[in-house]
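Enquirer: Residue 293 is where the sequence shown ends in numbering that gives the first Met the number 0, and the numbering goes up by one at each step. All C-beta atoms in this analysis are idealised placements derived from N, C-alpha and C, irrespective of residue type, glycine included.
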Amino acid sequence: MTGTAPPLRRVLSTVLRAVRHAREVTDHPWLERLARIGLIAYALMHFTIGWLAFTVAWRINPDAADADQAGALRTLGSSPGGLVLLWVLGLGLLSLAVWQAGEVLRWWTGLLDPEHRAKAAFVCAKCLAKAGVYGFFAVLALVFAVGAEYDAAENTQDLTDDVLGVPLGNWLVGAVGLVVIGVGGYLVLRGITGGFMKDVDLDAAPDRYEPTIEGLGRVGYVAKGVAFGVAGGLVVFAAVTSDVSTATGLDGAINAIGSVPTGQWLLTAVALGFAAFGVYALARARYPDRDPSS
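The following block contains the structure:
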């Protein structure tokens, strides 16, 4: 019909208009400011996990919370002003998730171009994965803020037990464990290669800070990668032995590292690594760059 755009063109025009409006929201300076609070929250979580791991290594406080993300948030929530802090952390992490997911809006058109489709798909998946992690921690902080409870180790064991009860459950649990090991390997590789520096706006950061940021980031990523690798190994062990008691997430990995010969010192190194990652996260909060292609 004359004067009427084909339906496909109208749909595409509507989608592009929606994407443009969405980008205006995700690129808004106020959202970036809130996302910085989320990065500070992310740093506090890693500082706290590092401290909890240190207490496990040196048996400082047997009654301390689990040395994982949930335990870190629970510890922060029990501090003076903890309830307000949890709300601030939760909303900051939620803003960080939205801000990070907004990067997909820059790359989605690349999915339509065969020449750039593979890179665009990888970047979009990476951004969504990061946004999912931040979103999960945001929900966790808000769960604690409203007075609810969540035990990561117990929930991991219960879920593992349920999956082991279905056909091919051992294979499924083993596959999950291998994925977690893969994530750990990726973190170690990212630490060794320094790829994490793409998340820092180096043009805005003073040159004298760059070696420190990079050094702490390398230590932090490697330490996290080792912890995740051990956690994944414990899940694989649970799949092979059908013993769900070993599938206890990050807290189980921390305790496993501490239980081996010279484990006290190994775990101390991991704890310091988590603290180093916290400092790196603070640098990201000061000089954020969400563009993974930069």
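#1: Whole angstroms is fine: what's the gap from L186's alpha carbon to L215's?
#2: Scan the region 156–239 and note each continuous alpha helix (DSSP H) run of 4 residues or more that stays entirely inside, going in chain order.
#3: Is G277 near the ligand ATP - that is, is its Cβ less than 8 angstroms away from at least one heavy atom of it?
#4: Could you pull the DSSP bridge partners for P287 from this structure?
#5: Here's the rule I'm using: 16 or more other beta-carbon atoms within 10 Å means buried, otherwise exposed. How should F135 be labelled?
#6: How should D202 be labelled, buried or exposed, when 16 other C-beta atoms within 10 angstroms of its C-beta is the threshold for buried?
#7: Count the other CB atoms within 10 Å of the CB of R207; is the residue buried (16 or more) or exposed (fewer)?
#8: Between T155 and A246, is the Cβ-Cβ spacing less than 9 angstroms?
#9: What's the C-alpha gap between A362 and A117?
#10: So what's N60 in DSSP terms, helix, strand or just coil?
#11: From L90 to F273, what does the alpha carbon distance come to, in whole angstroms?
#12: State whether the region 33–51 contacts the region 66–83, with contact taken as three or more CB pairs (one from each stretch) at a distance under 8 angstroms.
#13: Excluding the 5 residues flanking R35 on each side, which residues of the same chain have their C-beta closer than 6 angstroms to its C-beta?
#14: Any contact between the region 45–64 and the region 82–101? By contact I mean 3 or more CB pairs, one from each, below 8 angstroms.
#15: Quick check: the Cα distance between T54 and K223, rounded to an integer number of angstroms?
Expert: According to the structure shown:
#1: 14 angstroms
#2: 168–192
#3: This structure simply doesn't include the ligand ATP, nor any ligand for that matter.
#4: V199
#5: exposed
#6: exposed
#7: exposed
#8: yes
#9: It is not possible to answer for residue 362, since the shown part of the chain is limited to 0 through 293.
#10: coil
#11: 23 angstroms
#12: yes
#13: A284
#14: no
#15: 17 angstroms
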